[in-house]
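Asker: Dumping the structure here so I can ask a few things about it.
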Amino acid sequence: KRVAYLHEQAKANQRRSLEWVGLPRQILPTEKWQTIFSQSILETSLKAHQLNAITDPKTAKQYSVGLVRFANIDPMAAISQELLKQKIAPDTRIHLCVYHSSFPLLIRANIEKYLDEILNRNQGQQPHDHPLIQGWLQKFPEQQQIILILASPVCEVGRDHDYDWMIIEPSSMRSII
Numbered sequence: 121k122r123v124a125y126l127h128e129q130a131k132a133n134q135r136r137s138l139e140w141v142g143l144p145r146q147i148l149p150t151e152k153w154q155t156i157f158s159q160s161i162l163e164t165s166l167k168a169h170q171l172n173a174i175t176d177p178k179t180a181k182q183y184s185v186g187l188v189r190f191a192n193i194d195p196m197a198a199i200s201q202e203l204l205k206q207k208i209a210p211d212t213r214i215h216l217c218v219y220h221s222s223f224p225l226l227i228r229a230n231i232e233k234y235l236d237e238i239l240n241r242n243q244g245q246q247p248h249d250h251p252l253i254q255g256w257l258q259k260f261p262e263q264q265q266i267i268l269i270l271a272s273p274v275c276e277v278g279r280d281h282d283y284d285w286m287i288i289e290p291s292s293m294r295s296i297i
């Protein structure tokens, strides 16, 4: 009885869920890996948005802020270019932010300033309370809006960001040796 009770309590109070997302199939030598990866990231992002979207009280539009964390910068740059080419539903808009340690310090500091403000959910704050996000929600007509942050491991250094969902590329154990 105790185990059943604890299991029910854990389900009722669950705040986070985890899902393994692999590639849908093996990449053929004739295919561009960037296209396959970007399609998988887009599909997973759309699903995560659907499960975690917040409704803005002013515009009644649904939005979410998601992080796709890459282990390395070079693949992230290639994927960001491919993501811009992907076709999405006409009622969906993706706001893409690329954030990595190779940016000049002034640019990186500006990105971090906005992310720190937008992703601070203390005292009941929500991203739609920030003027930048509210401006996007009012300006763009799409009902579904995804704020998608593509980042290198720099996003983990000293940041207290509260994303609605994340896709994390596992880092190799060899990379820490």
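Residues 121 to 297 (our numbering) make up the sequence shown, in order. The C-beta atom is built at its ideal place from N, Cα and C for all residues, glycine as well. Quick caveat: nothing in here was measured; it's all calculated off a predicted structure.
Would you list, in sequence order, the uninterrupted beta strand (DSSP E) runs of no fewer than 3 residues that lie entirely inside the segment 197-244?
Answerer: Counting whole runs of 3 or more residues, the segment 197-244 contains the beta strand (DSSP E) stretches 212-219.
Asker: Quick check on Lys121: buried or exposed, where buried means 16 or more other Cβ atoms within 10 Å of its Cβ?
Answerer: Taking the first residue of the sequence shown as 1, we reach residue 121 at position 1. It is exposed - the Cβ of Lys121 has fewer than 16 other Cβ atoms within 10 Å.
Asker: For Gly255, which of helix, strand or coil comes out of DSSP?
Answerer: Taking the first residue of the sequence shown as position 1, residue 255 is located at position 135. Helix.
Asker: Please name the residue in Ser184, Leu204, Ser158, Gln154 whose C-alpha comes closest to that of Gln265.
Answerer: Numbered from 1 along the sequence shown, position 145 holds the residue referred to as residue 265. Gln265 has its Cα closest to that of Ser184, out of Ser184, Leu204, Ser158, Gln154.
Asker: Count the CB pairs spanning the segment 203-221 and the segment 268-278 that are closer than 8 Å, and state whether there are at least three.
Answerer: Yes, they touch.
Asker: Identify the residues that DSSP records as bridge partners of Gln265: which are they?
Answerer: The residue labelled residue 265 in the question sits at position 145 within the sequence shown. Per DSSP, Tyr183, Arg213.
Asker: Within 10 Å of its beta-carbon, does Gln182 have 16 or more other beta-carbons around it, so buried, or fewer, so exposed?
Answerer: In the sequence shown, the residue the question calls residue 182 occupies position 62. When all chains shown are included, Gln182 counts as buried.
Asker: Using a Cβ-Cβ cutoff of less than 7 Å, which residues in the same chain neighbour Glu237 once the five nearest sequence positions on both sides are dropped?
Answerer: Position 117 of the sequence shown holds residue 237. Contacts found: His250.
Asker: Which of helix, strand or coil does DSSP assign to Ile174?
Answerer: To locate residue 174, count along the sequence shown from 1; it is residue 54. Ile174 falls in the strand class under three-state DSSP.
Asker: Start and end of the beta strand (DSSP E) containing Ile288?
Answerer: Position 168 of the sequence shown, counted from the start, is the residue given in the question as residue 288. Note, Ile288: beta strand (DSSP E), 285-288.
Asker: Contact check, Ile253 vs Pro247 under 8 Å by CB: the rounded distance?
Answerer: For the purposes of this step, residue 253 is taken as residue 133 along the sequence shown, with counting starting at 1. For the purposes of this step, residue 247 is taken as residue 127 along the sequence shown, with counting starting at 1. The Cβ separation is near 5 Å, so the contact holds.
Asker: Would you say the segment 166-175 touches the segment 143-155, given that touching needs at least three Cβ pairs under 8 Å?
Answerer: Touching, no, given that fewer than three Cβ pairs across the two stretches are closer than 8 Å.
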